[in-house]
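*Asks:* Below you'll find the structure I mean.
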Amino acid sequence: MHKKLLSVLLAVVMLLSITSTAFAAGTPTVTVTSATAAPGETVTLNVALSNNPGINTFSFGFNYDTTKLNLTDVELISGIPGQFTYSKKAVWLNSNDITTNGNFLALTFDVLDSATAGDARVSVTYNAGDIANYDEEDVNFQIVAGKVTVKAENVYGGEITVGSVVGTPGTTVTIPVSITKNPGINTFSLGFDYDTTKLELTDVTVSEALGGQFTFGKKAVWLNSKDITYTGDILTLTFNILDSAVDGDVTVSATYNTGDISNYDEEDLYFDLVSGKVTVQSEAVYDTRVSLGKVTGRPGETVNVYVSLDKETDVKSMSIYDVTYNSDKVSLTKAEWVVEDSILSDWNQADEAGVITYKENTKINGRVFLLAFTIKEGLEDSVVDIGCSFKVTSQDANKIEKELSVEVVSGTINILNILRGDVNGDGFVDSNDAIHLLYHTLLPERYEINQNGDFDGDGYVNSNDAIHLLYFTLLPERYPLA
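Under numbering that gives the first Met the number 0, the first residue of the sequence shown is numbered 0, with each subsequent residue one higher.
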């Protein structure tokens, strides 16, 4: 008797279980998705409907951890019909029932700067009558909450940037890899991503300014006995451009995983990655080239970036426009043409555009324009890219004015809180710094320097840089520091 009763009970339980499962599979459900973000970041969660039996209105509230999150916006997903508004609640109304499933709403949250690591639950709320169909019948939905997982605050540096170059198939090019806002690292392991059907990476060398130990196999691995805060070029990549490479841009990116960059205390560090490119050109396509200078300055100083024609060109007219720079860090305070004998020239400060013209073709080579930038106060060490668009025209034998193709090479402002050239840190740039740098090239462990010592810009730190620095102290205009 007991066995029969037990069998019946088991059968009932199984039946109820099957019925419950079948019901659950078809239960109308509102689900909030989940995401991960760090303090200070913005994150979006979707609200999705499933097993929708047909509704034409809903009114949703939202429940979330206000110690970690701030709901800044709620939007109806594009393509959903009807009228929508959001104030304290998200209210939607349509002229007829829809049975659409999938994402209906997008919730945008700011993760508070003060948010501690962990999960912040996010749920939809509604009351009886808040969800209905066209016949004004209540439709009940099961609610499945989502969450924002707040990551532990990471230690961030600035950027690791791969440079850009132009080359032809069958040739070799070198690309610098630089670092900014370095909080102090003693090791990195960097990989490189590029199109292997167009490029072959043949060598990677490390800057002498880093010191330490370095090896390159599948990755560029560097290790030092202490943290360094050096900013500037850290690696040089050497590529062969394959003979079969077609014209166009080939993106080159640095890569790393969590744990690949750290300091002496074994804390992981994070840097934004900025890709560069190799522009493959089967033949020269430019009639002339314009380059912008590379200068160094301290916060509060004004620095001059000269725009130069790099080869002698027959010029009838020139124009400069679309000057690009980071206005959060520098401001363009002065600009003027620095060539003579023109019949008309102008600079429009409001439009940041300038023009100049000559009576007839004039051979020009060297500096043609000055851009004076004031570096804003309170900045950390960083590099600001300076670019522009530049137009050159020339008259042909029939006096017809034609536009030349111009290659524009961007310049930089290297913002340093220490004086460029003051390698011994005494607040002055003089012959003592040249002597200190010479000692550094011979005894680097004993005579440390506080900045990149490659003052002549050849990619190496050696006795030539000490000589260049000495010349700079005597003739700064003739021997500028790289």
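We put the beta carbon where it would ideally sit given N, CA and C, even for glycine.
Beta-carbon separation of Asp109 and Asn132 under 8 Å?
*Replies:* no
*Asks:* Under three-state DSSP, which class holds Ala23?
*Replies:* Its pLDDT being 46, under 50, Ala23 is placed unreliably in this model, and the value from its coordinates should be taken loosely. Reduced to three states, the DSSP call for Ala23 is helix.
*Asks:* For Tyr324, report the span of its alpha helix (DSSP H) as first-last.
*Replies:* That residue, Tyr324, is in no alpha helix (DSSP H); it is neither H nor E in DSSP.
*Asks:* Give the DSSP-derived three-state secondary structure of Ser290 in the structure shown.
*Replies:* strand
*Asks:* Using 10 angstroms around the beta-carbon of Ser94, count the other beta-carbons present and answer buried if the total reaches 16, otherwise exposed.
*Replies:* A residue is called buried once 16 or more other Cβ atoms fall within 10 Å of its Cβ, and Ser94, having fewer, is exposed.
*Asks:* Give me the Cβ distance between Leu378 and Ile414, rounded to the nearest whole Å; I'm assuming they're in contact under 8 Å.
*Replies:* 6 Å
*Asks:* Give every residue of the same chain whose Cβ lies closer than 8 Å to the Cβ of Thr332, excluding the five residues on either side of it in the sequence, and list them in chain order.
*Replies:* Thr301, Ala371, Phe372 and Thr373
*Asks:* Given 8 Å as the limit, is there contact between the stretch 381–395 and the stretch 257–276, that is, 3 or more CB pairs closer than that?
*Replies:* no
*Asks:* Considering Cα atoms alone, identify which of Thr99, Thr237 and Ile54 is closest to Ile76.
*Replies:* Thr99
*Asks:* Roughly how many whole angstroms lie between the Cα atoms of Val90 and Thr43?
*Replies:* Between Val90 and Thr43, the C-alpha separation is close to 19 Å.
*Asks:* With distances taken from CA atoms, which of Gly162, Asn303, Ile342 and Asp350 is nearest Ile319?
*Replies:* By alpha-carbon distance to Ile319, the top candidate from Gly162, Asn303, Ile342 and Asp350 is Asp350.
*Asks:* Please list, in chain order, all residues of the same chain as Tyr125 whose beta carbon is under 6 Å from its beta carbon, the five residues on each side excluded.
*Replies:* Excluding residues within five positions, the ones whose Cβ falls inside 6 Å are Phe59.
*Asks:* Indicate whether the contact test is met: 3 or more Cβ pairs, each with one atom in the stretch 228–245 and one in the stretch 165–179, closer than 8 Å.
*Replies:* yes
*Asks:* How do the stretch 192–210 and the stretch 220–231 stand: do at least 3 beta-carbon pairs fall below 8 Å, yes or no?
*Replies:* yes
*Asks:* Can you tell me which residues form a DSSP beta bridge with Tyr155?
*Replies:* Tyr269
*Asks:* Under the three-state reduction of DSSP, which class applies to Thr196: helix, strand or coil?
*Replies:* coil
*Asks:* Return the chain-ordered list of same chain residues with a C-beta closer than 7 Å to the C-beta of Asp202, the five sequence neighbours on each side being excluded.
*Replies:* Thr237
*Asks:* In whole angstroms, what is the alpha-carbon distance linking Thr257 and Phe187?
*Replies:* 11 Å
*Asks:* State the CB to CB distance for the pair Thr41 and Thr107, rounded to an integer number of angstroms; the pair is presumed to be in contact (CB under 8 Å).
*Replies:* 6 Å
*Asks:* With distance defined between alpha-carbon atoms, name the residue in Tyr263, Glu266 and Thr312 nearest to Tyr285.
*Replies:* Thr312
*Asks:* For Asn69, which option in Asp248, Lys310, Asn303 and Val121 has the closest C-alpha, if you only look at C-alpha atoms?
*Replies:* Val121
*Asks:* Mapping the DSSP letters down to three states, classify Pro479 as helix, strand or coil.
*Replies:* coil
*Asks:* With respect to the alpha helix (DSSP H) encompassing Thr440, which residues constitute its N-terminal and C-terminal limits?
*Replies:* Ser430 to Leu441
*Asks:* What does Lys146 pair with, by DSSP beta-bridge criteria?
*Replies:* Arg120
*Asks:* Name, in chain order, the residues that DSSP records as bridge partners for Phe407.
*Replies:* According to the sequence as given, residue 407 is Val; it is not Phe. Beta-bridge pairing links Val407 to Val289.
*Asks:* Need the endpoints of the beta strand (DSSP E) that Ala465 sits in, please.
*Replies:* That residue, Ala465, is in no beta strand (DSSP E); its alpha helix (DSSP H) goes Ser462 to Leu473.
*Asks:* Going by C-alpha distance, which of Thr214, Phe103 and Asp72 is nearest Gly78?
*Replies:* Phe103
*Asks:* Using a Cβ distance threshold of 8 Å, determine whether the stretch 418–430 contacts the stretch 446–457, with at least three qualifying pairs required.
*Replies:* Between the stretch 418–430 and the stretch 446–457 there are three or more C-beta pairs closer than 8 Å, enough to call the two in contact.
*Asks:* Taking the beta strand (DSSP E) that Glu74 falls in, what are its first and last residues?
*Replies:* Per DSSP, Glu74 is one residue of the beta strand (DSSP E) stretching across Leu68 to Leu75.
*Asks:* For the putative contact between Asn185 and Tyr263, defined by C-beta atoms under 8 Å, what is the C-beta separation to the nearest angstrom?
*Replies:* Contact between Asn185 and Tyr263 is confirmed by a C-beta separation of about 5 Å, below the 8 Å threshold.
*Asks:* For Ala396, does the three-state DSSP call read helix, strand or coil?
*Replies:* coil
*Asks:* Looking at the secondary structure, which residues open and close the beta strand (DSSP E) in which Asp264 lies?
*Replies:* No beta strand (DSSP E) holds Asp264; DSSP gives it neither H nor E.
*Asks:* Using only the alpha-carbon positions, how far apart do Lys197 and Phe191 sit?
*Replies:* 14 Å
*Asks:* On the DSSP letters alone, give me the boundaries of the beta strand (DSSP E) that Asp345 sits inside.
*Replies:* Taken as a continuous stretch (DSSP letters only), the beta strand (DSSP E) holding Asp345 covers Leu343 to Asn347.
*Asks:* Please list the terminal residues of the continuous beta strand (DSSP E) segment that includes Val354.
*Replies:* Ala352 to Ile374
*Asks:* Around the C-beta of Ile233, are 16 or more other C-beta atoms found within 10 angstroms, so that it is buried, or is it exposed?
*Replies:* buried
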